[in-house]
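The structure appears below as structure tokens.
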RNA sequence: GGGCGCAUAGCUCAGUCGGUAGAGCGCACCCCUGAUAAGGGUGAGGUCAUUGGUUCGAAUCCAAUUGUGCCCA
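In this note's numbering, the protein residues as written are 6 to 929.
The following block contains the structure:
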């Protein structure tokens, strides 16, 4: 009976391999618990590290909300890196961190207070922010752990920890000490209702109806005589914010535009404006009898002094590249106190920065006759009236446009110039030294270097102050007597010391006198009464200090780090801020290399956004498919660029996961009676097996190279090729007869097992950084005494030069071409119903001399190569192979299922082939 | 508007010095039922985003355009 013979075959055994169905969502938490119990992270750190330390410094995510796909991509790849470095023999500590201070949390917490109808003072607000941040640290930490990421999760770094906050203060102190810090004016968007500066993210652009006016500035002084001979020349400007006219300090023209003077006889006046807008402007102001009398390049006008239309002061012509030639008059009213571009121009021309408006949007005494008026609408109205009275208003109408509004109270915003703190980027050749440091850093991908170089080369000084509550207070004091600033090494250290003990809230809860050393005197006037600065530091200053607060304080870490690994937006963000602080305080870059990854887009390549409804959360993927599948996805994509994610894409990754898993499962199932003591030495392996090892060697080298260059997708592609094509479709398929039908201890079977063991062992360890749970399961099944208790404590496989064999690779790739030819013929025969299946086929092959030499050495194994029962090889073909597929003669062997002529040749076993009869005799 | 990228088969990726476009998956059809919610075979699939240029010859080099992403204004 056939059933009886099945027991005599060496079929793969389920008890010795992994289950076909992974059921990852259920299994993964068990593995994670297992690792927690053995304290895997500690064991990884304690393992001998012959190559020394490899420190990846974690960029802190913001502690707000669930983790999104960008976080998942980032953290998984970091985890892969610290794991493979560990496997390579490095000690690779991972201290995760969070960025806690900042506007989003402050705003969320403020909203909560508002909804509850409560008002909070600064200390109460900050306490609530701290609690909020902590809650999301816990939520995100749990999600990162579910992704399978290992690290010192019990001792992460938090930028709101007292020690960290003290470090930030000290870093600021060092910058002061070295002369990097200064105070200056800067235009900020300001909400007159909330009385606060707004960050760009808090600004909403909405339609607004504004007053639109054309007005003229009379000529005051033209020392170079550029406009000589013209009657009553005026320059014409257009603005939609009449209230900024009192702050006007200049009129700007574009150096390259053509400007024209038009004479209007009916008004006995000449008007200067850009050529392309003469017609539109004259039409807008209702002048018909004009004629062009003169042309100028914008740059020729520089320095001509016009007179402010309302005040007795000059408004000179300045040059600016942002002037447009398709709107207004091509002459820009410049109020350095009320606009960012105007401010920059004002600085360039050393104009007075006048901002005669207070925090409530009311004109101050500096606005002269307008003092006390709200800028809108009263101020606008009065100014327009006054312009009319003095005769310089040329037109007034209303105008619809997008205008910045406060996201909270919806008020129209204004630009207001305020005093801010800055870090100089050019002090002490800082910029040059930063650029040199960038040159020394390794950037992956190399294009990254262009981006960071351009950023650093062009970046302005760093405005490090924010008018917010939830942050580290700028540790400066102001003299109550003379308003002089006090920032000395002693005062900064006094602040740092108290923050280190009690947290940065003390800056708000304690008076200056309890923080400063007794007897502190103002260096300007000698007075002893001080008040504290109320601004906080930009959160980029916090995160830019992580290398000081973390790398320098944790004994397991090093300064500088070996690697920063973040999204490409961090060129402007964390890479930049870390480098600025690193160069300024340590004279060197805090990272030796930087890898950047792209953003996660949806299946159509569009950005994921909540409003579009195309977001997918990692926790949902983990729940449905498992973390290992999500991790495998990160291996499948070329992440230096933006990557795509969709359910469809994940489906393909799930398929890939199954195929890899099944390949491993099959090999393990066939190793149930294998142990190292039955290994077959390399030189006694059949040629096919040595070919397989040559392929393994090739794969191994490709994979290690891919890991080293962080091009994990190359490893993924190579692994899929190996598993699907070389193993599943070819080697393992060919091997089945040898494995199943041979005597268990047949050297040929032991040889196959030897190769499968090496194969499994190598693939398992190479995939371990990605498929952390699955490969741990494989590892437990690997028949190997004295192995490390976790694959994550093993070593990466090393290339085996003795496996290398170029000649075998060539030989077998040609033999597989022959296999392809035969396969096509078998398929043909199948389709023509000449044979039902390959097992009943015999291939009659005539070969040219080349093919004959290639195939004849295989002898009886030739049909195995073709996956059929019989093959007859003869020389004599003109070229290539001539193949005829015919039904195999003989009977199907009841044991090995090959159709062979010698079935029944052994009288004792009439339904067995000769080979199977012999095997049965031997084992019984 | 500016800076830095990207665009090759349905999907994920290769493509060396410029020389007739490749892989795996998926798909279709077939086989197997001793890897079985597996496994094998065969096959179809591309105007290399578009346009122009350089060249004997362009996926590849140059320019512009379109789409898309990050950063900035």
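Backbone N, C-alpha and C define an ideal beta-carbon position, used for all residues, glycine too.
- Taking DSSP as the reference, what is the three-state secondary structure of residue 638? helix
- Query: Can you check whether the CB of residue 912 is closer than 9 Å to the CB of residue 875?
  - Reply: No, they are not a contact pair.
- Query: Cα separation between residue 820 and residue 696?
  - Reply: 12 Å
- Item | Pairwise C-alpha distance: residue 322 and residue 231 | Rounded to the nearest angstrom, the two C-alpha atoms are 12 Å apart.
- Message: Pairs of beta-carbons, one from the segment 661-670 and one from the segment 180-198, closer than 8 Å: are there three or more?
- Response: No contact exists between the segment 661-670 and the segment 180-198.
- Item | Beta-carbon proximity check, residue 350 vs residue 356, cutoff 9 Å | yes
- Chain-order list of residues whose beta-carbon lies under 7 Å from that of residue 252 (same chain, five-residue window excluded): 340, 342, 343, 359, 360 and 361
- Query: In whole angstroms, what is the alpha-carbon distance linking residue 7 and residue 753?
  - Reply: Unreliable positioning characterises residue 7 in this predicted model, as indicated by a pLDDT of 46, which lies under 50. The coordinate reading is nonetheless provided below. Computed Cα separation, rounded: 24 Å.
- Task: Could you tell me which residues DSSP puts in a beta bridge with residue 671?
- Result: Answer is none; residue 671 lacks a bridge partner.
- Query: Is DSSP giving residue 676 helix, strand or coil here?
  - Reply: coil
- Task: Could you spell out where the alpha helix (DSSP H) holding residue 359 opens and where it closes?
- Result: Residue 359 -> no alpha helix (DSSP H), and no H or E assigned at all.
- Item | the segment 492-507 / the segment 521-539 touching (three or more Cβ pairs under 8 Å) | yes
- Message: Using C-beta distances below 6 Å, list every residue in its chain close to residue 299, excluding the 5 sequence neighbours before and after it, in chain order.
- Response: 266
- Message: I need the boundaries of the beta strand (DSSP E) containing residue 448, first residue and last residue.
- Response: 447-449
- In this structure, does DSSP put residue 817 in helix, strand or coil? helix
- Range of the contiguous beta strand (DSSP E) that encloses residue 427: For residue 427, the enclosing beta strand (DSSP E) begins and ends at 419-428.
- Query: When you compare each of 286, 453, 371 and 368 to residue 332 by their alpha carbons, which one comes out closest?
  - Reply: 286
- What residue range is occupied by the uninterrupted beta strand (DSSP E) comprising residue 399? 398-411
- Determine the burial state of residue 173: buried for a count of at least 16 other Cβ atoms within 10 Å of its Cβ, exposed for fewer. buried
- Keeping to the same chain, check which residues put their C-beta closer than 6 Å to that of residue 829; ignore five residues upstream and five downstream. none
- Message: If I measure Cβ to Cβ from residue 48 and keep anything under 7 Å in the same chain, skipping five residues before and after, which residues do I get?
- Response: Residues 798 of the same chain have their beta carbon placed closer than 7 Å to that of residue 48, with the five preceding and five following residues left out of the count.
- How long is the line joining the alpha carbons of residue 671 and residue 648, rounded to whole angstroms? 32 Å
- Would you check if there are 3 or more beta carbon pairs closer than 8 Å linking the segment 635-643 to the segment 677-688? They do not touch, by the three-pair rule.
- Item | Integer Cβ distance of residue 585 from residue 761, believed to fall under 8 Å | Going by Cβ atoms, the distance from residue 585 to residue 761 rounds to 54 Å, so no, they are not a contact pair.
- Label residue 80 either buried or exposed according to how many other C-beta atoms from any shown protein chain fall within 10 Å of its C-beta, with 16 as the threshold for buried. buried
- Query: Taking C-alpha atoms, which residue in 809, 626 and 165 lies nearest to residue 29?
  - Reply: 626
- Task: Grab the span of the beta strand (DSSP E) containing residue 210 for me, first residue to last.
- Result: 208-226
- Should the segment 294-314 be regarded as contacting the segment 266-276, the criterion being three or more beta carbon pairs within less than 8 Å? Because the criterion of three Cβ pairs below 8 Å is met, the segment 294-314 and the segment 266-276 touch.
- DSSP state of residue 196 mapped onto helix, strand, coil: strand
- With a cut-off of 8 Å on the beta carbons, I'd call residue 102 and residue 163 a contact; round off their distance for me. 7 Å
- Given residue 877, which residues of its chain have a CB within under 8 Å of its CB, disregarding the five upstream and five downstream residues? These residues qualify, in order along the chain: 847, 848, 849 and 850.
- Task: Identify whether residue 602 lies in helix, strand or coil by the three-state DSSP scheme.
- Result: Here residue 602 sits in strand by DSSP.
- Straight-line gap, residue 793 to residue 632 (C-alpha atoms, nearest Å): Just so you know, the alpha carbons of residue 793 and residue 632 end up roughly 24 Å apart.
- Which residue or residues does DSSP assign as beta-bridge partners of residue 875? 847
- Task: Answer yes if the segment 804-817 comes into contact with the segment 699-712, meaning at least three C-beta pairs across the two stretches below 8 Å, and no otherwise.
- Result: yes
- Message: In the DSSP assignment, the alpha helix (DSSP H) including residue 141 goes from what residue to what residue?
- Response: 127-151
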